[in-house]
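Participant:
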Amino acid sequence: MFFVSFIIANPVSQFYIYNEIAADYGVKDFVKQDERPCDNSSALDNTTIAIQKEASQEFIYLALTSALPSFIPTLFLGSIADKYSRKLALMLCFTGLLIKNILYVIVIEAKLSFRLFYLANAIEGLSGYYGAVTMATFSIITDITTPGKQRALRISIMEGITASSLATAQLLTGIVIKYINFIYPMLFATLSCVLGMIFCILFIPDTLRGQRMPLLKTCYFRYILRSFQFYFKETPTNRRGKLILLLFILFLTFAAGFGTTATNSLFLFNKPFCWSELHYTIFEFTRTIIRWICSVLTVYSANRCIAQNKDIELIILGSLSYFTSYIVFGTSVESWMVYISAVLGAVCLLSIPITRSIMSRLTKGDEQGSLFAGVSCIEMLSTSISSVMFGGIYKDTVAIYPGIAYLLMSGVFVVIIILAL
Numbered sequence: 001m002f003f004v005s006f007i008i009a010n011p012v013s014q015f016y017i018y019n020e021i022a023a024d025y026g027v028k029d030f031v032k033q034d035e036r037p038c039d040n041s042s043a044l045d046n047t048t049i050a051i052q053k054e055a056s057q058e059f060i061y062l063a064l065t066s067a068l069p070s071f072i073p074t075l076f077l078g079s080i081a082d083k084y085s086r087k088l089a090l091m092l093c094f095t096g097l098l099i100k101n102i103l104y105v106i107v108i109e110a111k112l113s114f115r116l117f118y119l120a121n122a123i124e125g126l127s128g129y130y131g132a133v134t135m136a137t138f139s140i141i142t143d144i145t146t147p148g149k150q151r152a153l154r155i156s157i158m159e160g161i162t163a164s165s166l167a168t169a170q171l172l173t174g175i176v177i178k179y180i181n182f183i184y185p186m187l188f189a190t191l192s193c194v195l196g197m198i199f200c201i202l203f204i205p206d207t208l209r210g211q212r213m214p215l216l217k218t219c220y221f222r223y224i225l226r227s228f229q230f231y232f233k234e235t236p237t238n239r240r241g242k243l244i245l246l247l248f249i250l251f252l253t254f255a256a257g258f259g260t261t262a263t264n265s266l267f268l269f270n271k272p273f274c275w276s277e278l279h280y281t282i283f284e285f286t287r288t289i290i291r292w293i294c295s296v297l298t299v300y301s302a303n304r305c306i307a308q309n310k311d312i313e314l315i316i317l318g319s320l321s322y323f324t325s326y327i328v329f330g331t332s333v334e335s336w337m338v339y340i341s342a343v344l345g346a347v348c349l350l351s352i353p354i355t356r357s358i359m360s361r362l363t364k365g366d367e368q369g370s371l372f373a374g375v376s377c378i379e380m381l382s383t384s385i386s387s388v389m390f391g392g393i394y395k396d397t398v399a400i401y402p403g404i405a406y407l408l409m410s411g412v413f414v415v416i417i418i419l420a421l
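Next comes the structure, spelled out in structure tokens:
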């Protein structure tokens, strides 16, 4: 319920901002327009480029206002999850998301400036953002599973179910935005958040084992630092070196894999595709479903065929899938090439659950919350940095060759493959 509520705000904010900026340039109700062949008028072409540049800049600011304030709160919540309560960490995240959704509803209904979205996103960030929820849920999974193949499969299944729910919510949101308005998706997101909070309170048990520490004591600085102690404290099994390498691989994977998210719509709205908002939404839904189904099936098959110490090969396979997908996507000049890129990227998300599982296997039970809190911070940091870099590159090259940024990102996966060998 959290991620359904969370994801609805993404297309709402992106399409709302794009719609408002387009209106300033004389293009009314962009999101309600039907798809049509690209116009070769140079005047319209210049207008589109101007809209794309301005929207790209606003998307960067929107991503940063959520991610940057979330780093420190996520570390605090990691300590709380390890020493006091996994459940409390979840509830704090739900609270921030609820406030954000209510502010979005007010902005859209009152037709206020879309820049007030920044305030709403900052409040969400201060409550931990999605990274803290990821930390808490993965900590719960580690409480009820054993290290190894079972945990990797459970993490993959959970991420697959989450992604499928997100894709479905995003698809329905896109349809409602096009044919009705922006307010109804946000009202549904707010209701989903409230229902999620109620479900969490009534039905999710607190799986934390062992003696609990007083809540205030969990916020002591030395416990906050636990999120990164793994990378400085050596053990006889060389755990530190392995964790640093895996964390760096995860950093690069999130940076290159998710830093493009806000710009994908701009790329496909632009020439030579000129997709409509609905076409793009359906594509993203289909691509997400394909990715997670293929990833879960691959992990399940690998559990039966590959030894536990060989699961690093799945990281290489996922990175290779990302690499080929980006090459084709960045050089696409026809819609069918975009669809081919989605097929090539079918197992690109393998790297993430496998890397998380290996890192979890290397740490103790009472370190899981701190581990995943640190990982979540790195995840949000990498995505934020990449979003800024990618958005800047796209903004500066959209008039020359829009696919340049994707080709540069594909090179990151070559580095990941080399590191994993």
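Per UniProt numbering, the sequence shown starts with residue 1, numbered consecutively. A virtual CB, placed ideally from N, CA and C, is assigned to each residue, including glycine.
For a quick check, are the C-beta atoms of ILE378 and PHE251 less than 7 angstroms apart?
Facilitator: In this structure, PHE251 lies closer than 7 angstroms to ILE378 by Cβ.
Participant: Give me the Cα-Cα distance between THR355 and CYS38, rounded to the nearest whole angstrom.
Facilitator: 42 angstroms
Participant: Using the Cα positions of THR253 and THR261, report the straight-line distance between them to the nearest angstrom.
Facilitator: 13 angstroms
Participant: Could you tell me the alpha carbon to alpha carbon distance between CYS348 and SER410, rounded to whole angstroms?
Facilitator: So the alpha carbons of these two residues sit roughly 12 angstroms apart.
Participant: In angstroms, rounded to a whole number, what distance separates the CA positions of SER384 and GLY131?
Facilitator: 12 angstroms
Participant: If you follow the alpha helix (DSSP H) that THR263 is in, where does it begin and where does it stop?
Facilitator: 261-269
Participant: Is DSSP giving residue 422 helix, strand or coil here?
Facilitator: Because residue 422 is not part of the residues shown, which for the chain are 1 to 421, the question remains open.
Participant: Is SER156 near VAL4, with beta carbons less than 7 angstroms apart?
Facilitator: no
Participant: Verify the contact flag: LEU103, CB atom, against every heavy atom of the ligand COA, threshold strictly below 6 angstroms.
Facilitator: This structure lacks the ligand COA, and indeed carries no ligand of any kind.
Participant: Checking 7 angstroms against the spacing of the C-beta atoms, do GLY160 and PHE2 come in under that value?
Facilitator: no
Participant: CA-CA distance, PRO185 and ILE49?
Facilitator: 29 angstroms
Participant: Between the beta-carbon of SER370 and the beta-carbon of ASP143, is there less than 7 angstroms?
Facilitator: no
Participant: Taking C-beta to C-beta, are PRO69 and GLY125 nearer than 7 angstroms?
Facilitator: yes
Participant: Taking TYR406 as the reference, which of LEU266, ILE418, LEU62 and LEU103 has the closest Cα?
Facilitator: LEU266
Participant: Give me, in chain order, the residues of the same chain whose beta-carbon lies closer than 6 angstroms to that of LEU268; leave out the 5 immediate sequence neighbours on both sides.
Facilitator: TRP275 and TYR280
Participant: Does DSSP put GLY128 in a helix, in a strand, or in coil?
Facilitator: coil
Participant: By the 10 Å Cβ neighbour count, where 16 or more other Cβ atoms means buried, how is TRP336 classified, buried or exposed?
Facilitator: exposed
Participant: Quick one: Cα of THR65 to Cα of ARG304, how far?
Facilitator: 43 angstroms
Participant: Give every residue of the same chain whose Cβ lies closer than 7 angstroms to the Cβ of ILE102, excluding the five residues on either side of it in the sequence, and list them in chain order.
Facilitator: THR190
Participant: Taking a contact to mean a Cβ-Cβ separation below 7 angstroms, would you say SER357 touches ALA152 in this structure?
Facilitator: yes
Participant: How many angstroms separate the CA atom of ILE393 from the CA atom of GLU58?
Facilitator: 14 angstroms
Participant: May I have a chain-ordered list of the alpha helix (DSSP H) segments no shorter than 4 residues that lie completely inside the stretch 335-397?
Facilitator: 335-344, 351-361 and 368-397
Participant: In the DSSP assignment, find the alpha helix (DSSP H) that holds LEU187 and state where it starts and stops.
Facilitator: 183-203
Participant: Can you tell me the Cα-Cα spacing of GLY78 and ASP311, whole angstroms?
Facilitator: 27 angstroms
Participant: Spatial neighbours of SER192 within its chain, please: C-beta separation below 7 angstroms, excluding the five flanking residues on both sides.
Facilitator: MET1, VAL4 and SER5
Participant: Using C-beta distances below 8 angstroms, list every residue in its chain close to PHE188, excluding the 5 sequence neighbours before and after it, in chain order.
Facilitator: ILE8
Participant: Got a sec, what are the start and stop residues for the alpha helix (DSSP H) LEU314 sits in?
Facilitator: Note, LEU314: alpha helix (DSSP H), 312-330.
Participant: Report the CB separation of ILE289 from SER165 in whole angstroms; it is logged as a contact under 8 angstroms.
Facilitator: With 8 angstroms as the limit, ILE289 and SER165 do not qualify as a contact, their Cβ atoms being about 11 angstroms apart.
Participant: Find out if the Cβ-Cβ distance for the pair GLU277, ILE183 is shorter than 7 angstroms.
Facilitator: No, they are not a contact pair.
Participant: Does the distance from the C-beta atom of SER386 to that of GLY259 stay below 7 angstroms?
Facilitator: Result yes, Cβ atoms of SER386 and GLY259 sit closer than 7 angstroms.
Participant: State buried or exposed for TYR18, treating a residue as buried only when at least 16 other CB atoms are found within 10 Å of its CB.
Facilitator: buried
Participant: Thinking just about the alpha-carbon of each residue, which of SER295, PRO402, THR235 and PHE390 is nearest to the one in LYS364?
Facilitator: Per the Cα distances, THR235.
Participant: Assuming THR168 contacts PHE285 under a Cβ cut-off of 8 angstroms, what Cβ separation, rounded to an integer in Å, is found between them?
Facilitator: 7 angstroms
Participant: Who are the near neighbours of THR162 in its chain, counting only those whose CB is closer than 7 angstroms to its CB and skipping five residues on each side?
Facilitator: So the qualifying residues of the chain are PHE3.
Participant: Might you give, ordered along the chain, the residues of its own chain that have their beta carbon closer than 7 angstroms to the beta carbon of GLY96, omitting 5 neighbours on each side?
Facilitator: ILE123, GLU124, LEU126, SER127 and GLY128
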